[in-house]
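Q: Residue numbers (our numbering), protein chains in the order written: chain A, -1 to 271; chain B, 7 to 366. Below: one structure in structure tokens.
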Amino acid sequence: MINQTYDANNIFIPVPHKIMDIITETEIDKTYRLNLNVAGLPSYGQFYEVSLPKIGEAPISVSDFEKDWIDLTIRKIGTLTNCIHSLKIGDVLYLRGPYGNFFPVDSFAGKHLVIAAGGCGLAPVRSVINYFYRNLEKLAKFELLMGFKTINDLLFKYDIDRWEKKFKSIITLDHGCDLWADRPVGLITDYVGQVDFSDKENICVIIVGPPVMIKFTADKFVAAGIKKENIIVSMERRMSCGVGKCGHCKIDSTYICCDGPVFTYERAERFID
Amino acid sequence: MKRNITKNEFNLFFNLLNIHYDIFAPVRKKGQGAFSDTDIIYYEKVVTFDEIEWAEKSTYSPKDIVFPVSQTIINFIEDRLFIPNMKSSKPIYILMRPCDINGIKRIDEIFLNNGPSEDFYYKRIREKISFALIECIDGFENCFCVSMNANKNSDWDFAISLDKYRPFISIEIKNAKIENIFHSMVTDASNIAAPEVANKNFEICFPEKNLKKVMLPNINEMPASIYSDSEFWDEYKNRCIACGRCNTTCVTCSCFSTNDIRYDDSQNVGERQRVWASCHISKFSMMAGGHEMRKDNASRMRFKTFHKIYDYKKRFGEEKGHMCVGCGRCDDNCPEYISFSMIINKLSARISADINEGKK
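So, in structure tokens, the structure goes:
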């Protein structure tokens, strides 16, 4: 609880948000649905600085939202996220944000949109996918490529089931298994060729995932004739403040936290850390 | 107003000034330097003339007054949050050489103008700070402020020179409030300079040339090839020992990390701290899960170099200048004798050579 009125200009004050629901995605990933009572509504692809007092703070992208809730999909990977994974429904997470720029969903109207997401890179684009799931008529065509390491790493299975029924969704695993018999196996780059490239000029691509996956997937799309300015990527870097002060996420004259995390590939490919 | 005063007058003036302001100035600490039989000079609150180190450049810059090494930004007691008050509510004067005044203005840009909003903690102390100038004419061994166009500054309320009419102290006051304080001094005639000395005219001077000179790369776009030129940067791969001293002594290095700590096992009481971070030290660019963007000291040196003499100006504009102000503290303090001014010159030479050879 906040016990006093803070200076409204102090953007570093985290605000408690109650956990309404927790969905276990994998052994190490959980999605936390938070009641969005105070913090501003995010846009598609933005992030919050998420913290637990006395434990730590980290940037986490919004994996979906509606007018009164947001989803944060959090991988158990460090001190803070270990603690977050022990929280229960009714506990609180502290937020500040939303920060960063966002995917320009309105600019995709009438376009053939392709989204390629690798692993937990699916989280920051899930809100975009769900937006077009609800508003598919706004696009000329929608195709989805998703890659995961193994069957145990699949995220948002309940969503994927719905998506597969409504638009072309290719899910590939780096390592197949018996339960995945006759389904795509291999890297996401192996399946770029299955995208419908008949109207190249009208295609927009979003790529989100680890840096290596972004590079090689983008190169495949470029080789297929997609212009770099029509490829949009979302990047991750170490951040401490999220608001352009701490310097950790800086690449050349760019601050990923406030100039990004969403960039055209034309710009992102020239980033040298 | 210009006046030449005695040390007694100076101390009286500072006594009065101290009623209204906290005054910070460089102070020499005998024998406390990093190496045997060396001193260290850093900024502290001062009251009298003799406390202040007038002759030498400070080892550490004054930036920690406005951007402390470690700072509590939130106190946590159980589930309550408290924002710590500032230690002192008094306004502050910092006595600085021109490069350092320009340096503080460089970090103003990051904390006040970069990103979606101002930094609350920086702003609340920065608003209390005014500048006073310590005249600097010749600079020091590793200075290159003239090359960085950071040798002059007029954003000070009063300036002090010891070099005009020794042993008298020359003071120029541009601020009406400070002038009033100066005139409110009550002294007997034996303590003040005779009128013919007191009123002798003088001009506050600035360094016009340094022993070190750097050539800045005169290009709008840094060629991509220089980023990956391992031959160029590998010199620093093993030479640099990633101690971060260049970052901590630099007046314009303003990166920080945020850490939460608990005071006890009960986990009920703790704080969120902001602490200086160094781009030379490992983990600066490491993300959760262990992936690190710049693993070796060569790429970290390249990162810092471009930030100081290319990226900053590109982002904030020509009129803001380069981030580096040429104070030379990185060179003064590097235990491996890496010279930043030499890196800049080497880089410019390499770029000019490329241009002459028609390379991109």
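Ideal Cβ placement from N, Cα and C applies to all residues, glycine included. For clarity, every value in this text was computed on a predicted model and none was experimentally measured.
(1) What do you reckon, are the CB atoms on M2 of chain B and G332 of chain B nearer than 8 Å?
(2) Quick one: which chain B residues come within Cβ less than 9 Å of T79 of chain A?
(3) Could you tell me the distance, in whole angstroms, from the CA atom of N1 of chain A to the CA atom of D85 of chain B?
(4) Under 9 Å, CB to CB, which of the residues in the stretch 196 to 219 of chain A have a partner in chain B?
(5) Can you give me, in chain order, the residues of the stretch 5 to 29 of chain A that have a beta carbon less than 9 Å from any beta carbon in chain B?
(6) So with CB distances below 9 Å, who are the chain B contacts of K61 of chain A?
(7) Can you name the residues of chain B whose CB is closer than 9 Å to the CB of R265 of chain A?
(8) Could you please give the first and the last residue of the uninterrupted alpha helix (DSSP H) stretch that includes G109 of chain B?
(9) Indicate whether at least one CB of chain B lies closer than 8 Å to the CB of C244 of chain A.
(10) Taking buried to mean at least 16 other C-beta atoms within 10 Å of its own C-beta, is V72 of chain B buried or exposed?
(11) Please return the same chain residues whose Cβ sits closer than 7 Å to the Cβ of G250 of chain B, not counting the five positions on each side in sequence.
(12) How far does the beta strand (DSSP E) with K28 of chain A in it extend, from its first residue to its last?
(13) Can you list the residues of chain A that Q273 of chain B reaches, using a CB-CB cut of under 7 Å?
(14) Determine, using beta carbons only, whether S49 of chain A and F262 of chain B come nearer to each other than 8 Å.
(15) Pop quiz: V152 of chain B and P213 of chain B are said to be a contact at Cβ under 8 Å. What is the actual Cβ separation, rounded to whole angstroms?
(16) For T122 of chain B, go through chain A and note every residue whose CB falls closer than 8 Å to its CB, in chain order.
(17) Which of the three DSSP states is assigned to Q273 of chain B in this structure?
(18) By how many angstroms is the C-alpha of S358 of chain B removed from the C-alpha of G364 of chain B?
(19) Pull out every residue of the stretch 273 to 290 of chain B whose Cβ sits closer than 9 Å to any Cβ of chain A, in chain order.
(20) Cα separation between E55 of chain A and L87 of chain B?
(21) Have a look at the DSSP bridge pairing and note the partners of G116 of chain A.
(22) In the DSSP assignment, find the unbroken beta strand (DSSP E) run with C202 of chain A in it and report its ends.
(23) Starting from the beta carbon of A56 of chain A, find every residue of chain B whose beta carbon is closer than 7 Å, and list them in chain order.
(24) Have a look at B:I225, B:N17, B:R245 and B:N351 and flag the residue whose alpha-carbon is nearest the alpha-carbon of N303 of chain B.
(25) DSSP three-state label for A359 of chain B, please.
(26) Do the CB positions of K225 of chain A and I116 of chain B come within less than 8 Å of each other?
(27) Kindly indicate which residue of B:G121, B:K111 and B:D125 has the alpha-carbon position closest to the one of I373 of chain B.
(28) With burial defined as no fewer than 16 other Cβ atoms inside 10 Å of the residue's Cβ, what is the status of M7 of chain B: buried or exposed?
(29) If you draw a straight line from the alpha carbon of V53 of chain B to that of S76 of chain B, how long is it in whole angstroms?
(30) For K51 of chain B, which residues from the same chain have a beta carbon less than 7 Å from its beta carbon, with the 5 sequence-adjacent residues on both sides left out?
(31) Identify the contact partners of R235 of chain A in chain B, using a Cβ-Cβ distance below 9 Å as the criterion.
(32) Note down the Cα distance separating L39 of chain A from P14 of chain A, rounded to an integer number of angstroms.
(33) Please report the Cβ distance between D273 of chain A and G117 of chain A, rounded to the nearest whole angstrom; I am assuming they are in contact, meaning their Cβ atoms lie under 8 Å.
A: By the coordinates alone:
(1) Because chain B is modelled from 7 through 366, residue 2 of chain B falls outside the range shown and cannot be assessed.
(2) Within the first sequence, numbered from 1, the residue matching residue 79 of chain A stands at position 81. Those within 9 Å of T79 of chain A in chain B are A294.
(3) As a first step, residue 1 of chain A is located in the first sequence; it is residue number 3 there, counting from the start. As a first step, residue 85 of chain B is located in the second sequence; it is residue number 79 there, counting from the start. Here the model assigns N1 of chain A a pLDDT of 43, short of 50, so the residue's position is not dependable and the matter cannot be decided.
(4) P208 and P209
(5) D5, N7, N8, I9, F10, I11, P12 and P14
(6) For the purposes of this step, residue 61 of chain A is identified with residue 63 of the first sequence, where counting begins at 1. A quick correction: the sequence has Ser, not Lys, at residue 61 of chain A. Those do not exist, as S61 of chain A stays about 16 Å from chain B at its closest Cβ, beyond 9 Å.
(7) Looking up residue 265 of chain A in the first sequence gives position 267. Correct list: empty, because the minimum Cβ distance to chain B is about 13 Å.
(8) Along the second sequence, read from residue 1 onward, the residue named residue 109 of chain B stands at position 103. Taken as a continuous stretch (DSSP letters only), the alpha helix (DSSP H) holding G109 of chain B covers P104 to D114.
(9) Mapped onto the first sequence, residue 244 of chain A falls at position 246. With 8 Å as the cut-off, C244 of chain A counts as an interface residue toward chain B.
(10) If you number the second sequence from 1, residue 72 of chain B lands on position 66. Burial call: buried.
(11) In the second sequence, the residue the question calls residue 250 of chain B occupies position 244. Only S284, H286 and I287 meet the Cβ criterion.
(12) As a position in the first sequence, residue 28 of chain A is number 30, starting the count at 1. That run of the beta strand (DSSP E) goes D27 to N33.
(13) Numbered from its first residue, the second sequence carries residue 273 of chain B at position 267. Within chain A, the residues near Q273 of chain B are K52.
(14) Locating residue 49 of chain A in the first sequence gives position 51, where the first residue counts as 1. Locating residue 262 of chain B in the second sequence gives position 256, where the first residue counts as 1. Cβ atoms of S49 of chain A and F262 of chain B: not closer than 8 Å.
(15) For the purposes of this step, residue 152 of chain B is identified with residue 146 of the second sequence, where counting begins at 1. For the purposes of this step, residue 213 of chain B is identified with residue 207 of the second sequence, where counting begins at 1. The pair is a contact, with the Cβ atoms about 6 Å apart (cut-off 8 Å).
(16) Position 116 of the second sequence, counted from the start, is the residue given in the question as residue 122 of chain B. For clarity, residue 122 of chain B is Pro in the given sequence; the question names Thr instead. Ordered by position in chain A, the residues that pass the 8 Å Cβ test against P122 of chain B are I9, Y97, V241, G242 and C256.
(17) Position 267 of the second sequence holds residue 273 of chain B. In this structure, Q273 of chain B counts as coil in the three-state DSSP scheme.
(18) Position 358 of the second sequence holds residue 364 of chain B. Position 352 of the second sequence holds residue 358 of chain B. Cα-Cα distance, rounded: 10 Å.
(19) Q273, N274, V275, G276, E277, R278, R280, A283, C285, K289 and F290
(20) Mapped onto the first sequence, residue 55 of chain A falls at position 57. Mapped onto the second sequence, residue 87 of chain B falls at position 81. E55 of chain A and L87 of chain B: Cα-Cα distance of roughly 15 Å.
(21) Indexing the first sequence from 1 puts residue 116 of chain A at position 118. Its beta-bridge partners are A:G145.
(22) Working through the first sequence from its first residue, we reach residue 202 of chain A at position 204. I201 to V206 is the extent of the beta strand (DSSP E) around C202 of chain A.
(23) Counting from 1 along the first sequence, the entry for residue 56 of chain A is found at position 58. Within chain B, the residues near A56 of chain A are A294.
(24) Translated into positions along the second sequence, residue 303 of chain B becomes position 297. The candidate whose alpha carbon is nearest that of N303 of chain B is B:R245.
(25) On the second sequence, position 353 is the one that residue 359 of chain B refers to. Three-state DSSP puts A359 of chain B in a helix.
(26) Taking the first residue of the first sequence as position 1, residue 225 of chain A is located at position 227. Taking the first residue of the second sequence as position 1, residue 116 of chain B is located at position 110. Their beta carbons are not under 8 Å apart, which means K225 of chain A does not touch I116 of chain B by this criterion.
(27) Past the edges of chain B, shown from 7 to 366, lies residue 373 of chain B, and the structure says nothing about it.
(28) On the second sequence, position 1 is the one that residue 7 of chain B refers to. The residue in question, M7 of chain B, is exposed, as its Cβ has fewer than 16 Cβ neighbours within 10 Å.
(29) Taking the second sequence and counting its residues from 1, the one referred to as residue 53 of chain B is at position 47. Taking the second sequence and counting its residues from 1, the one referred to as residue 76 of chain B is at position 70. For V53 of chain B and S76 of chain B, the distance between alpha carbons rounds to 25 Å.
(30) As a first step, residue 51 of chain B is located in the second sequence; it is residue number 45 there, counting from the start. Excluding residues within five positions, the ones whose Cβ falls inside 7 Å are D28, I29 and F30.
(31) Your numbering for residue 235 of chain A matches position 237 in the first sequence. In chain order: S291, M293 and M299.
(32) By 1-based counting over the first sequence, the position of residue 39 of chain A is 41. By 1-based counting over the first sequence, the position of residue 14 of chain A is 16. Roughly 15 Å between the two C-alpha positions.
(33) What the structure shows of chain A is the stretch from -1 to 271, and residue 273 of chain A is not part of that stretch, so it cannot be assessed.
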